[in-house]
Each structure stands twice: as C-alpha cells, then as structure tokens.
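One line per chain: the protein sequences are L and D, in this order.
Count the first sequence with this note's numbering and you get residues 253 to 547, in order.
Count the second sequence with this note's numbering and you get residues -3 to 231, in order.
The C-beta atom is built at its ideal place from N, Cα and C for all residues, glycine as well.
Source: prediction; values computed, not measured.
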Amino acid sequence: MFSEQLIGNLIQGLVLGTIYGMATMGLSLIFGVLKVVNVGHGAFIMVGAFVTLFLFNALGLNPILAIPVAFIIGMALGYLFYYTTIKRLIKAPELATLLATFAIGVLLEEVIKLIFGSEFRGYNWAVGKVSLGITVLPLSKLYACAGSIIIAVLLYLWFNKTRAGSAMRSVVEDSEGARVCGVNVSGTYALSFALGIGLTMASGVLLTMFIPVGINPYMGGGYTLKAFVIAVLGGLASPYGAFFGGLVFGLLENGSYTIFALIPGVEPFALTRFFSFVMLLIILLIRPTGLLSRK
Amino acid sequence: MLQVKDLESGYGSMQVLWKPSLEVKRGTITSLLGPNGAGKSTLLATIFGSVEPWGGKVIYEDRDVTQIPTHKKVDMGIALVPEGKHLFPNMSVYENLSMGAYLKKALVHKEESLELVYSLFPRLRERRNQMAGSLSGGEQQMVTIARGLMTKPKLMMLDEPSQGLAPKLVGEVFETILKMKEEVGLTILLIEQNADASLEAADYVYVMHEGLIKAQGTPAEIKQSADIREAYLGI
C-alpha cells in the first residue's frame, strides 16, 4: 500500500521534475553567460502563467499554443530589460544586478496585479487522463512533460550545432577569448538574457499545465527558491545540469512528501520545502560546485 | 598598414594612455618595448577595441576604425593574441581552433588555415582531441597563437607571447613569429618583456613609458643608445 503510493508519487515527481528542470534552464543560462543571478526569475514564471491564463480564459486558446507565445513575449521582455537595465550594470559589483533583477521582479508582480488583480485564479483544461494502474496522470501533465523534454533537446541541439550556440558556449568559457575570435560578445549577452527569459516564461506555461490553479501575482517566489536549489544541484552554470537537477528535485520533493505524510501531526507540504533547503545546505557543504558538475 | 594617432584611454577614471602615436608598416615586425605598467597591453586592447578609446585615432588600411566594434575588426583582418591566453578550457584543441574560424570570411578558409596551423605547430595536430585546459603552458600558448591565425588575419598583435615559458620555448615562439612574417606574410605588432629577443626579431621598435612613446628607431639605433637602454629597458 505504502510502496504503491510512493511509486505513484515518484512517477508524478519525475513528470514534475522535467518541468522543474526546464524552468531552471533559463536561470542557469543567464548565470552561465552573464554571471548575473536573476532574482526576479519566479516573476517571469508568473508572467508566463498569466499569459496562459489570459489566452485560455479570454481567447479560448490551447495552453500548448501559449508556449511559443510566452517564449516570444519573454524574448522581447528579455531584450527590453537587458538594454534598459542589465547592460549598464554588467561590469558593476554583483549586488547591483541582484537589486536590479529583484526590482524587475517586483515591477512585474505589481503590473500584473494592476491588470489582473491579486486573487488566486486557475483554468480548467479537460483533455482526459491516463491510468497507469498505480497512479492517474492527466494528459495535460504528460503534454507538459513532453514539452519540457522537447524544449531541452532543442536547446541542446541549438547550443552544439549552430554558430550562435557555439558563440554562446565560447562566451561561457572565456568572454575575452570569444572576443578575439570575432564573437560579438555584447550581442551574445543580450541574446542569452533574452533567451533565458524566453525559456523561463515558456516554463511558466508548462508549470500551469501541471498545476492549473493558484495562479496569482505573487506565485513566483516559491519557484525562485526551488530554481536556486535545482541550479545548485545541477552545477549553477549549466542548463543541462539544471535539467537533470530538476529531475532529482522533483523525485526528492514528491518522495519526501509521501514519507512526511506518514508522520502524524505534521503538514507534509510545508516539510518538503524545509527538506529542499536542508538539501541545498548539505550540497553546498559537500560539493559547492554542484552535484552534477564536472569539477 | 596601421597608424595610431594620439590615442587616449584608461579604466574607470584612471587614464593609462597619454596620446601615444605609432605606425606599423605592412610586412614588418614592429616591437613595443617598455617596463611593466607602461600601458603596452592597454594600447593593444584600445587598438583592438576591447578597451574603449577616449580620444585619438586608429587608422587601418587607410580607414578610420577607432569606433569600429571588435567583431568587425576581426573580420577586417586584425587579430589580437591576448596576454594570459584566454583559451576555452573545456573545449578540445580542434574546437578552440574552430572558434578562431568563427566569422564567415574565416570559415571559408578553415581547412587551409588548419593545414597552415598544423604545419607551424605539428604538436597541435597530435593533441587536437585533447581538452585545451589539460595542455601544458607552452602548448596552450601555441593554441592561442594558432587560434589567432585561424581568424585569417593580415595584422596580428601579440601580447607577451613568451610570458611564463621556459627559455627553449621562448626561442620557438620567436621562430614562429618570424615564420608568420616571412612565410605567411603577416604584419606583426609585438609586445615583449624579453627585450633582447624582441630587438633581434623586430624591424622597428617603439619604447613606451607611462602611457607615452618615449623613443623609436630601428633595433640597431635602440641598441646603440645607452640612454634609452638604461632609462627604459634595463639592458
């Protein structure tokens, strides 16, 4: 009975983990290329969620179609914030970009609150479900999982098979070296930031496909924190590390939830959050460069 | 081929270049000598554009390129081999060299550039699948110069290419520089701490001190002037 429940939850965790992984790739990409920690990460996930909500409720559009829409809006917002804010601060001490991205996050939250209000919202996309015997998976969750994997694979191919991708990798390795090879380094910074934000907003769509409720302007904070834990799990600067970090995190979160639920008198959901931070602390103590990093 | 006129630049509010001017003639090796902190590296970086010029002019092939961004300068045939190597450590030697041929104009000539580079540095052919970060210091320096050659340059600026190398390897680096001038037909602007070797290889010499050109002449003239040698070169 318990083992069935655990396996069922782990399957859910694995599916959610692919989405968590995809939702952290943007953060890792921006950190890897620009060495900027995007504290406003979760706010962009939130905007992606609202894009989905708006397209579904107001226009009746399928959430799958919201993925490219959110990605494109994210790219545009990424370029906007890069050229108005980040570009000026890139050589400044790290605190400047931390404050700037924090401020961008607050700005997004308040703008969304102004437009949509602060109540919790959701949408109901009924596309059926699959029964796996042990657990039941709504198709919307499976689509989100498949979407995450496809996007991760596309990003991998883009990185390794295209000129723009190799330029980005070279900037990650050594920006001065990239410059003397003729890479347009400042253009690559802008593209990386825009791409990172685009991916993050697209992940906001995928997350609502998994959890289509609780959409509100302040939903991003929890995702920022989870993304930090996942990014550290995966080695911070590597988008693929982040993807696998997400899988590990999804499994641990859902697995620990099942176990905590056995303890009488505790609220298991609150404990999983505690557990993820204990995990972060332990990883930072043992392997400060990340569990999955090369060094 | 290259003229620098009254160039000014620096970092933050600290001015480093105080209007040095120089000229590099086509097909020659021009050497820039001077003590540490004279502004030699800053001069190359400002010519290249990785440090922003505050004033003055950089003329390349009769064109004012002072404000042209670095990636366009590479495309025009200006290469900088930076101090401190700046390789891509987690890429193989081959991938590092391929990055040198990143721009379309260089990419067209990638195969012949690779042949040239492997003939100048046979060891890089053997090491082509090894990660650049795992090479010895001398081999890494070879990759840095080779990667610069892959950009298909006409003018190559080398910043301390023999720094930190064993004496035997220093000789090899200078042989390579001479070969690049004579066999490849490159024009070279060279910064070196090693004044003796530099005076041997150069066709013309500028002596820099505190952000200014203090003296210039043929290597023979510089060697003859005891004042210059004592005041700026310590030889």
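Rounded straight-line distance, which links the Cα of residue j to that of residue i
i, j, result
"Phe372(L)", "Gly399(L)", "25 Å"
"Phe302(L)", "Ala454(L)", "11 Å"
"Leu384(L)", "Ile401(L)", "20 Å"
"Phe529(L)", "Gly474(L)", "12 Å"
"Arg539(L)", "Leu131(D)", "26 Å"
"Arg123(D)", "Ala489(L)", "27 Å"
"Leu116(D)", "Glu217(D)", "32 Å"
"Asp58(D)", "Val77(D)", "23 Å"
"Ala295(L)", "Ile515(L)", "34 Å"
"Phe254(L)", "Met274(L)", "30 Å"
"Pro16(D)", "Leu279(L)", "44 Å"
"Lys68(D)", "Leu268(L)", "45 Å"
"Lys547(L)", "Trp14(D)", "Caution is warranted here: a pLDDT of 45 is assigned to Lys547(L), below 50, making its placement in the model unreliable, and no coordinate value can be reported."
"Pro65(D)", "Cys433(L)", "13 Å"
"Gly312(L)", "Ala322(L)", "15 Å"
"Glu425(L)", "Leu83(D)", "8 Å"
"Tyr200(D)", "Arg225(D)", "15 Å"
"Gly487(L)", "Ser88(D)", "21 Å"
"Leu451(L)", "Leu145(D)", "37 Å"
"Gly517(L)", "Tyr375(L)", "32 Å"
"Gly417(L)", "Phe333(L)", "22 Å"
"Ser109(D)", "Val20(D)", "24 Å"
"Lys413(L)", "Gln11(D)", "43 Å"
"Ile356(L)", "Tyr335(L)", "13 Å"
"Lys175(D)", "Ala162(D)", "20 Å"
"Gly45(D)", "Lys148(D)", "18 Å"
"Tyr56(D)", "Phe306(L)", "55 Å"
"Met72(D)", "Val139(D)", "22 Å"
Host alpha helix (DSSP H) of residue i (start-end)
i, result
"Asp312(D)", "Outside the displayed span of chain D (-3 to 231) sits residue 312(D), for which this structure offers no information."
"Met10(D)", "First-last for Met10(D): Met10 to Trp14, but that is the beta strand (DSSP E), not the alpha helix (DSSP H)."
"Val0(D)", "It is not in any alpha helix (DSSP H) - Val0(D) instead sits in the beta strand (DSSP E) that spans Leu(-2) to Tyr7."
"Glu135(D)", "Gly133 to Met146"
"Ala328(L)", "Pro315 to Phe333"
"Gly312(L)", "Note, Gly312(L): premise wrong, no alpha helix (DSSP H); not H, not E."
"Leu532(L)", "Pro520 to Ile538"
"Thr353(L)", "Glu346 to Phe368"
"Leu174(D)", "Pro163 to Glu178"
"Ile338(L)", "Counting along the chain, Ile338(L) falls outside any alpha helix (DSSP H), and DSSP gives it neither H nor E."
Boundaries of the beta strand (DSSP E) in which residue i is found, first to last residue
i, result
"Ala513(L)", "First-last for Ala513(L): undefined, no H or E at that position."
"Pro390(L)", "Val388 to Pro390"
"Ala75(D)", "Ile74 to Val77"
"Val54(D)", "Gly51 to Tyr56"
"Ile25(D)", "Ile25 to Leu29"
"Met153(D)", "Leu151 to Asp155"
"Val256(D)", "Given that chain D is displayed from residue -3 to residue 231, the structure contains no residue 256(D) and the question cannot be resolved."
"Val382(L)", "Lys381 to Ser383"
"Ser210(D)", "Just to set this straight, residue 210(D) is Lys in the shown sequence, not Ser. Run containing Lys210(D): Leu208 to Gly213, per the beta strand (DSSP E) assignment."
"Thr42(D)", "From DSSP, Thr42(D) is part of no beta strand (DSSP E) but of the alpha helix (DSSP H) over Lys36 to Phe44."
Residue i versus the options, residue with shortest Cα-Cα distance
i, options, result
"Thr476(L)", "Ala378(L), Phe354(L) and Trp377(L)", "Phe354(L)"
"Leu350(L)", "Phe306(L), Leu258(L), Tyr395(L) and Gly292(L)", "Gly292(L)"
"Glu111(D)", "Thr42(D), Ala142(D) and Met10(D)", "Ala142(D)"
"Ile548(L)", "Val484(L), Phe496(L) and Phe495(L)", "Chain L is shown from 253 up to 547; residue 548(L) falls before or after that span and cannot be answered."
"Lys150(D)", "Glu168(D), Glu178(D) and Asn125(D)", "Glu178(D)"
"Ala430(L)", "Ser5(D), Gln63(D) and Lys81(D)", "Lys81(D)"
"Val299(L)", "Lys365(L), Phe411(L), Leu523(L) and Trp410(L)", "Lys365(L)"
"Ile74(D)", "Ala41(D), Gln189(D), Ala222(D) and Ala128(D)", "Ala41(D)"
"Leu406(L)", "Pro491(L), Ala513(L) and Gly497(L)", "Pro491(L)"
"Leu266(L)", "Ala479(L), Val481(L), Cys397(L) and Ala522(L)", "Cys397(L)"
The ligand NAP heavy atom lying under 8 Å from the CB of residue i
i, result
"Tyr98(D)", "Absent from the structure shown: the ligand NAP. Ligands present: none."
Amino acids of chain C, ordered along the chain, whose beta-carbon sits closer than 7 Å to that of residue i
i, result
"Met127(D)", "The structure shown contains no chain C; the protein chains it does contain are L and D."
* Can we say the segment 499 to 511 of chain L touches the segment 257 to 271 of chain L, given the rule of at least three CB pairs closer than 8 Å? -> Segments in contact, yes.
* Do the segment 457 to 464 of chain L and the segment 86 to 106 of chain D meet, that is, are 3 or more Cβ pairs less than 8 Å apart? -> The segment 457 to 464 of chain L vs the segment 86 to 106 of chain D: no contact.
* Asked: Is the segment 432 to 441 of chain L touching the segment 312 to 331 of chain L in the sense that three or more CB pairs, one from each, lie closer than 8 Å?
  -> Contact between the segment 312 to 331 of chain L and the segment 432 to 441 of chain L is absent: fewer than three C-beta pairs spanning the two stretches fall below 8 Å.
* Members of the segment 72 to 92 of chain D near chain L, C-beta cut-off 9 Å -> Flagged, chain order: Ala75, Leu76, Val77, Pro78, Gly80, Lys81, His82, Leu83, Phe84, Pro85, Asn86, Met87, Glu91 and Asn92.
* Is the segment 336 to 354 of chain L touching the segment 274 to 290 of chain L in the sense that three or more CB pairs, one from each, lie closer than 8 Å? -> Yes, since at least three Cβ pairs between the segment 274 to 290 of chain L and the segment 336 to 354 of chain L fall closer than 8 Å, the two stretches touch.
* Could you run through the segment 431 to 453 of chain L and flag, in chain order, every residue whose CB is less than 7 Å away from some CB of chain D? => Taking 7 Å as the Cβ-Cβ cut-off against chain D, the residues of the segment 431 to 453 of chain L that qualify are Arg431, Val432, Cys433, Gly434, Val435 and Asn436.
* Is the segment 201 to 213 of chain D touching the segment 22 to 30 of chain D in the sense that three or more CB pairs, one from each, lie closer than 8 Å? -> Output reads yes: the segment 201 to 213 of chain D touches the segment 22 to 30 of chain D.
* Which residues, taken in chain order from the segment 478 to 511 of chain L, show a beta carbon closer than 7 Å to some beta carbon of chain D? -> Considering only beta carbons, no part of the segment 478 to 511 of chain L lies closer than 7 Å to chain D.
* Identify each residue in the segment 404 to 426 of chain L for which the Cβ-Cβ distance to at least one residue of chain D is less than 8 Å, and report them in chain order. => Contacts with chain D (Cβ-Cβ distance below 8 Å) from the segment 404 to 426 of chain L involve Arg415, Ser418, Ala419, Arg421, Ser422, Glu425 and Asp426, listed in chain order.
* Asked: Is it a yes or a no for the segment 463 to 470 of chain L touching the segment 364 to 371 of chain L, going by three-plus beta-carbon pairs under 8 Å?
  -> As far as the Cβ criterion goes, the segment 463 to 470 of chain L touches the segment 364 to 371 of chain L, which means the pair count is three or higher.
* Taking contact to mean at least 3 C-beta pairs separated by less than 8 Å, is the segment 180 to 187 of chain D in contact with the segment 9 to 29 of chain D? -> Yes, the segment 180 to 187 of chain D is in contact with the segment 9 to 29 of chain D.
* Asked: Any residues in the segment 40 to 70 of chain D with a beta carbon nearer than 8 Å to a beta carbon of chain L? Which ones, in chain order?
  -> Across the segment 40 to 70 of chain D, CB contacts with chain L closer than 8 Å involve Phe44, Ser46, Pro65, Thr66, His67 and Val70, in sequence order along the chain.
* To do: Report the residues of the segment 277 to 298 of chain L with a CB closer than 7 Å to any CB of chain D, ordered along the chain.
  => Against chain D - using a Cβ distance shorter than 7 Å - the segment 277 to 298 of chain L contributes no residues.
* Asked: Using a beta-carbon distance cut-off of less than 9 Å, what residues from the segment 139 to 162 of chain D approach chain L?
  -> For the segment 139 to 162 of chain D, the beta-carbon criterion of a distance under 9 Å to any beta-carbon of chain L is satisfied by Thr140, Arg143, Gly144, Met146 and Thr147.
* Mind listing which residues of the segment 98 to 112 of chain D have their C-beta closer than 8 Å to chain L's C-betas, in chain order? -> Residues of the segment 98 to 112 of chain D with a C-beta atom less than 8 Å from some C-beta of chain L are Tyr98, Leu99 and Ala102, listed in chain order.
* Asked: In chain order, what residues of the segment 345 to 365 of chain L put their CB closer than 9 Å to some CB of chain D?
  -> Considering only beta carbons, no part of the segment 345 to 365 of chain L lies closer than 9 Å to chain D.
* To do: Could you run through the segment 201 to 218 of chain D and flag, in chain order, every residue whose CB is less than 7 Å away from some CB of chain L?
  => Interface annotation for the segment 201 to 218 of chain D against chain L: empty, criterion Cβ-Cβ distance under 7 Å.
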